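Novice: Numbering (the working numbering), first residue to last: 2 to 442.
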Ligand code: GLY
Ligand code: MN
Ligand code: MN
C-alpha cells in the first residue's frame, strides 16, 4: 500500500545520514531490449523504490539535505496523452510533486543540462558508479564541466561516494512496513513450494513446476518471481543456477526448487528439495538429513551479535563431517576444511541479505571483519550438498556411486529479532515426513 509518509520518513532519515554538505543522485536503470523491438518488463531500481515508491522508468532523484529550496528533486517522464495511450498513465511533473513529494520536478530530458547546478558546490556526491555506463559518463562530464567553472564559484564534489555508505545501511535494517511485505512474499512463496511438491510427480516437466510456482505468485497478488525460478530434477539439482527448466522429471529423482515471490517489491528466497515419487531413497535421505540438520542448527545460531561467517563456518564444519561419514571425503574434518576439498560438494556461501533485492544491499564486513547481526536484518540460511554426476567435474575422484547426481539445498528466510530470530518461511515443509506428505498432496 502506498503511504507517502513512509517514503518521506525514509528520505528524511537518508538526508540525516548524508549531512548538509552532500548530494545524492539515484537513477533508474535503463529499460533493456529483449530482442527485436520488445523490451524486458521494467522493474524499478530498488533504491528509488525505497525512497519514493515511484515505479516509472527514466527517473532520477536528487537529494540535497543542505539546500534551502529544492531539497528533493525528481526528473521524470512528463505527461504525454499520446504516449500514455500506448504505454499507460504517467504521474508527470505534477504527480512527482503532489503524490511523490518532490520539492521540484523536471522532465527527464532536462537532466543533462540541470545536473551541474544541482550537484555543484557539495563536498560529497553519493552515486553508485559502475551500473549504468551512460549515467556514469554524464556524471563524469558534469564533474569535468564544474572543474572548469571553479573560479566562477561552482566547484565539483570532492568525493564520489558509494551509496552503500549512507543509503544501503538504511535498507539493511528493515522497518515494520518492509517486514509486512516480506511476510506476505514469504507466505505466498511457501504455498507455491507446497503446490510444486504436490504436482511434481514423475512424468511432469520442470517447466510445468516453474509455471505453477510463478502462477501461484501472480494469482496471489505478487509481482511474479523476484529472480528466475530454478527447478532442477535429478542431476540438474547439482547445477546451482539451473534456470533452463526443460527436462522431464523421472521416477526416483529429487527435485530442487529455488523460487521466491516478489510482493510490493520485496522478494522471498526459498529452496526446497523433494522426491518426485514421494519417498526419499536411502542415499537421498542420508544427504537430505545431513543438509537439514546443518540448516536447522545454523538457524539456531542466528541472533544479534552473531555473524554470517559464524553461520557459514558452522555449516562448512557440519557438512564436511557429514561428507566424511558418507564416504565423499576421507581424513579428518580439520584437514578437509584446511585443504578446502569440501568445496567440491559445498561451493557457495550460506547466507545473504534479503529485501528489495534477492541479494540485498548492505556491507557484509566492518573494518575487514564480518559484522555482527542486529535486529531488523533479514538473511537467508541455505546450506546444500551437490555431488556431480558421472561425466561432471568430479570424474577423477572416487566416491560412492549411489550419491552421484544428488543435489540438495534447503533455504529459509530468517529475521534477526531482539532475542534471536524468526523464521519467516517456517510454514514451508522441510522435515522428511512433512516433505513426503506434501508430495502426496
Ligand atoms: N536464489 C538465489 C539464491 O538463493 O541466492
Ligand atoms: Mn538465497
Ligand atoms: Mn534461493
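Positions of the beta carbon are idealized from the N, C-alpha and C atoms, including for glycine. Remember, predicted model here, so these are calculated numbers, not experimental data.
Quick one: does the C-beta of residue 228 sit closer than 6 angstroms to a heavy atom of ligand 1?
Specialist: One-based indexing of the chain shown puts residue 228 at position 227. Yes, Cβ of residue 228 sits closer than 6 angstroms to a heavy atom of ligand 1.
Novice: First and last residue of the alpha helix (DSSP H) that includes residue 48?
Specialist: Counting from 1 along the chain shown, the entry for residue 48 is found at position 47. Residue 48 -> alpha helix (DSSP H) spans 47 to 53.
Novice: Contact defined as beta carbons within less than 8 angstroms: I believe residue 50 pairs with residue 357. What is the distance between those atoms, to the nearest angstrom?
Specialist: Looking up residue 50 in the chain shown gives position 49. Looking up residue 357 in the chain shown gives position 356. Confirmed, about 6 angstroms.
Novice: Return the first residue and the last residue of the beta strand (DSSP E) that residue 254 is part of.
Specialist: Taking the first residue of the chain shown as position 1, residue 254 is located at position 253. Segment: none, residue 254 is in no beta strand (DSSP E) and carries neither H nor E.
Novice: So if I measure from each beta-carbon to every heavy atom of ligand 1 and keep distances below 7 angstroms, which residues remain?
Specialist: Working through the chain, the matches are 228, 231, 259, 261, 270, 272, 353, 359, 360, 381, 383, 412.
Novice: Nearest-angstrom Cα distance between residue 30 and residue 60?
Specialist: Within the chain shown, numbered from 1, the residue matching residue 30 stands at position 29. Within the chain shown, numbered from 1, the residue matching residue 60 stands at position 59. Looking at the two C-alpha atoms, the distance is approximately 9 angstroms.
Novice: Please go through the same chain and pick out, in chain order, the residues whose beta-carbon is closer than 7 angstroms to the beta-carbon of residue 279, but skip the five residues on each side of it.
Specialist: In the chain shown, residue 279 corresponds to position 278, counting from 1. Hits under 7 angstroms: 437, 440, 441.
Novice: Please return the same chain residues whose Cβ sits closer than 6 angstroms to the Cβ of residue 65, not counting the five positions on each side in sequence.
Specialist: The residue given as residue 65 occupies position 64 in the chain shown. So the qualifying residues of the chain are 24, 72.
Novice: Tell me which residues share the same chain as residue 104 and place their Cβ nearer than 8 angstroms to its Cβ, disregarding the 5 neighbours each side in the sequence.
Specialist: Within the chain shown, residue 104 is the residue found at index 103, counting from 1. Excluding sequence neighbours, residue 104 sits near 70, 71, 72, 73, 74, 98.
Novice: Under the three-state reduction of DSSP, which class applies to residue 348: helix, strand or coil?
Specialist: Here residue 348 corresponds to residue number 347 of the chain shown, with the count starting at 1. Correct three-state label for residue 348: coil.
Novice: Can you give me the C-alpha to C-alpha distance between residue 94 and residue 271, rounded to a whole angstrom?
Specialist: Taking the chain shown and counting its residues from 1, one reaches residue 94 at position 93. Taking the chain shown and counting its residues from 1, one reaches residue 271 at position 270. Approximately 40 angstroms between the Cα atoms of the pair.
Novice: Taking just the CA atoms, how far does residue 260 sit from residue 63?
Specialist: Numbered from its first residue, the chain shown carries residue 63 at position 62. Numbered from its first residue, the chain shown carries residue 260 at position 259. Answer to the nearest angstrom: the Cα atoms are 35 angstroms apart.
Novice: Please state whether DSSP places residue 303 in a helix, a strand or coil.
Specialist: As a working note, residue 303 is residue 302 in the chain shown. Note: residue 303 maps to coil in three-state DSSP.
Novice: Between residue 431 and the rest of its own chain, which residues show a CB-CB distance below 7 angstroms, the 5 nearest in sequence each way excluded?
Specialist: The residue given as residue 431 occupies position 430 in the chain shown. Excluding residues within five positions, the ones whose Cβ falls inside 7 angstroms are 273, 293, 411.
Novice: Relative to the C-alpha of residue 266, which candidate in 333, 129, 44 has its C-alpha closest?
Specialist: For this step, residue 266 is matched to residue 265 along the chain shown. Nearest C-alpha to residue 266: 44.
Novice: Here's the rule I'm using: 16 or more other beta-carbon atoms within 10 Å means buried, otherwise exposed. How should residue 87 be labelled?
Specialist: Here residue 87 refers to the residue found at position 86 when the chain shown is read from its first residue. Under this definition residue 87 is an exposed residue.
Novice: Suppose the cutoff is 6 angstroms on Cβ atoms and the five residues either side in sequence are ignored; what does the same chain contact list for residue 121 look like?
Specialist: If you number the chain shown from 1, residue 121 lands on position 120. Cβ neighbours of residue 121 beyond the five flanking positions: 147, 155.
Novice: Specify the secondary structure class of residue 248 as computed by DSSP and reduced to three states.
Specialist: As a position in the chain shown, residue 248 is number 247, starting the count at 1. Residue 248 falls in the coil class under three-state DSSP.
Novice: Taking Cβ to Cβ, would you say residue 136 is nearer than 7 angstroms to residue 28?
Specialist: The sequence position of residue 136 within the chain shown is 135, counting from 1. The sequence position of residue 28 within the chain shown is 27, counting from 1. Yes, these two residues count as a Cβ contact at 7 angstroms.
Novice: Are there 16 or more other CB atoms within 10 angstroms of the CB of residue 420, so buried, or fewer, so exposed?
Specialist: The residue given as residue 420 occupies position 419 in the chain shown. The residue in question, residue 420, is exposed, as its Cβ has fewer than 16 Cβ neighbours within 10 Å.
Novice: Would you kindly work out how many angstroms separate the C-alpha atoms of residue 101 and residue 345, rounded to a whole number?
Specialist: For the purposes of this step, residue 101 is taken as the residue at position 100 of the chain shown. For the purposes of this step, residue 345 is taken as the residue at position 344 of the chain shown. Taking the straight line from one Cα to the other gives about 50 angstroms.
Novice: Just how far apart, CA to CA, sit residue 244 and residue 347?
Specialist: For this step, residue 244 is matched to residue 243 along the chain shown. For this step, residue 347 is matched to residue 346 along the chain shown. C-alpha separation (whole angstroms): 19 angstroms.
Novice: Could you say if the stretch 365 to 374 and the stretch 397 to 406 meet the contact criterion of at least three C-beta pairs nearer than 8 angstroms?
Specialist: Because the criterion of three Cβ pairs below 8 angstroms is not met, the stretch 365 to 374 and the stretch 397 to 406 do not touch.
Novice: Ignore the nearest five residues each way along the sequence and tell me which others in residue 254's own chain have a CB closer than 6 angstroms to its CB.
Specialist: For this step, residue 254 is matched to residue 253 along the chain shown. Contacts found: 234, 235, 277.
Novice: Measuring CB atoms only, is the stretch 206 to 219 touching the stretch 282 to 291, in the sense that at least three cross pairs come out at less than 8 angstroms?
Specialist: No: fewer than three Cβ pairs fall under 8 angstroms.
Novice: With 16 as the cutoff for other CB atoms within 10 Å, does residue 285 come out buried or exposed?
Specialist: Here residue 285 refers to the residue found at position 284 when the chain shown is read from its first residue. By the neighbour-count rule (16 or more Cβ atoms within 10 Å), residue 285 is buried.
Novice: DSSP three-state label for residue 386, please.
Specialist: What you label residue 386 is simply residue 385 of the chain shown in a count that begins at 1. In the structure shown, residue 386 sits in a strand (DSSP, three-state: E or B).
Novice: Given a threshold of 16 other Cβ atoms within 10 Å of its Cβ, counted over all protein chains shown, does residue 394 qualify as buried or as exposed?
Specialist: The residue given as residue 394 occupies position 393 in the chain shown. Flag for residue 394 reads exposed.
Novice: Given residue 198, which residues of its chain have a CB within under 6 angstroms of its CB, disregarding the five upstream and five downstream residues?
Specialist: For this step, residue 198 is matched to residue 197 along the chain shown. For residue 198, where only same-chain residues beyond five positions count, the Cβ hits under 6 angstroms are 275, 439, 440.
Novice: Using the three-state DSSP reduction, which class does residue 418 fall into: helix, strand or coil?
Specialist: Against the chain shown, residue 418 aligns to sequence position 417. In this structure, residue 418 counts as coil in the three-state DSSP scheme.
Novice: Along the alpha helix (DSSP H) that carries residue 338, what are the first and last residues, could you check?
Specialist: The count along the chain shown starts at 1 and reaches residue 338 at position 337. Segment 334 to 339, the alpha helix (DSSP H) holding residue 338.
Novice: How many angstroms separate the CA atom of residue 323 from the CA atom of residue 380?
Specialist: The residue labelled residue 323 in the question sits at position 322 within the chain shown. The residue labelled residue 380 in the question sits at position 379 within the chain shown. For residue 323 and residue 380, the distance between alpha carbons rounds to 24 angstroms.
Novice: In angstroms, rounded to a whole number, what distance separates the CA positions of residue 295 and residue 258?
Specialist: Along the chain shown, read from residue 1 onward, the residue named residue 295 stands at position 294. Along the chain shown, read from residue 1 onward, the residue named residue 258 stands at position 257. If you take the alpha carbons of residue 295 and residue 258, they lie about 19 angstroms apart.
Novice: Residue 445: which of 377, 392, 387 sits nearest, CA to CA?
Specialist: No answer is possible for residue 445: the residues shown for the chain start at 2 and end at 442.
Novice: Looking at the secondary structure, which residues open and close the alpha helix (DSSP H) in which residue 186 lies?
Specialist: To locate residue 186, count along the chain shown from 1; it is residue 185. Note, residue 186: alpha helix (DSSP H), 177 to 200.
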